[in-house]
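The structure under discussion appears below in the form of structure tokens.
Residue numbers (our numbering): 64 to 470.
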């Protein structure tokens, strides 16, 4: 240790010794043991403590060497009959200074204690009150710059595209993702009252078979004026005598109209001429009454689609059919990536079984792919023709769908 630059000081608060490089007596010194902060003059050194100890020893020796106090004067004579008073011993009061504590060893006898000063942080350790505010401001500036760069990078391609002035081709097919109408219908349309539909279907079918005039039969059919001849050919005259026994039962599940997505209760009408069962559904007229939809009943009862597929040169024809998306396992494996396939149902049972194909990369194919969901049955009116490809079931080529957007 270099005595010229350092000094060994003793803290007046805790009495602990420590080293300090402070030379000025008015400079501030802080005790590393108890953090007491005061001027350099209030801290003593080992030499001062030794001097105070020597003074204390000299004062103690002087007091010990002083002669004993003089004896007390004799007491006056006691009165007769009285006991002499007992002598009271007065304790000797020691004039020696009590042992000084370490925190008082540096102070002169009788001197007032130095004022206690509060602890103050050294200037080099103090922080500015504006420091946190500047840090927060810098953080906000960095975040704002990053956000602006991200926004500019996202919107730059759109801005460049808007400045392109080159003429577009004459026919451009935009592939805009549209929400399927079936999904909108399911969310907005309330489900039909199946019980009410079943009650009306039973009344209408009973009246249709019991009617003895064309007017009574027409009253059971929706828009009967267009199909008068077909109604009379199927249920009028001697035709009704062959179908004197019939059975009407509801079909489990509820297919969706395509497009639109509205649920349609279906019923199975089994007669002697149609043992598999024809499909029956009801339509609501302008007067609010429900009646039988004739095209679906007539085509499924007379097996019109099966007869159409037996004609190799038949022109494309419209048919009411039931559809269900399929994996296309009935057609050849090399053709499956090219077509979207459906299982076609034209009776109340799965027999006969037909396959409908539509090309994927066409507006109609994208429409049917968007409007149909896997595992859901649909009822649609399709324009079809016979398709002679390698398949395990008779195949139909779908040309158009009623209600599809124009191509």
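Idealized CB from N, CA, C, for every residue including glycine.
Predicted model, so just to flag it, every value in this text is computed and none were measured.
- Per the coordinates, the alpha-carbon of residue 255 lies some 34 Å from the alpha-carbon of residue 372.
- Proximity to residue 291 across 103, 358, 210 peaks at 358, based on C-alpha coordinates.
- A distance below 9 Å separates the beta carbons of residue 420 and residue 404.
- Setting aside the 5 residues that flank it on each side, residue 456 is surrounded in the same chain by 393, 416, 417, 418, each with a C-beta closer than 8 Å to its C-beta; the list follows chain order.
- With 16 or more other CB atoms across the displayed protein chains lying within 10 angstroms of its CB, residue 354 is buried.
- Residue 363 is classed as buried because its beta carbon has at least 16 other beta carbons within 10 Å across all chains shown.
- For residue 313, the pairing in a beta bridge is given by DSSP as 330.
- By the Cβ-count criterion, residue 395 is exposed, with fewer than 16 other Cβ atoms from all chains shown falling within 10 Å of its own Cβ.
- DSSP places residue 441 in the strand class (E or B) of the three-state scheme.
- When the beta-carbon positions are compared, residue 329 and residue 318 come within less than 9 Å of each other.
- For residue 404, the enclosing beta strand (DSSP E) covers residues 402-408.
- By the beta-carbon neighbour count (other beta carbons within 10 angstroms, threshold 16), residue 360 is buried.
- The Cβ atoms of residue 279 and residue 270 sit closer than 9 Å to each other.
- Around residue 340, the same chain offers 331, 332, 333, 410, 411, 412 as residues with beta carbons nearer than 7 Å, after the five sequence neighbours per side are excluded.
- In the DSSP assignment, the residues bridged to residue 100 are 93.
- Secondary structure of residue 412 (DSSP, three-state): coil.
- For residue 433, the closest alpha carbon among the candidates 448, 467, 345 is that of 467.
- In terms of Cα proximity to residue 388, the closest of 378, 379, 408, 377 is 408.
- Distance check between residue 366 and each of 312, 352, 424, 383 places 383 closest, using alpha-carbon atoms only.
- Contact check for residue 427 against residue 381 fails: the beta carbons are separated by 9 Å or more.
- Between the alpha carbons of residue 441 and residue 202 lies a distance of about 58 Å.
- Per the DSSP secondary-structure output, residue 381 pairs in a beta bridge with 446.
- Going by C-alpha positions, residue 369 is about 11 Å away from residue 459.
- The alpha-carbon of residue 204 is positioned some 11 Å away from that of residue 197.
- About 13 Å separates the CB atoms of residue 87 and residue 72; that is not less than 8 Å, and the two are not in contact.
- Distance between residue 311 and residue 343, taken at the CA atoms: about 9 Å.
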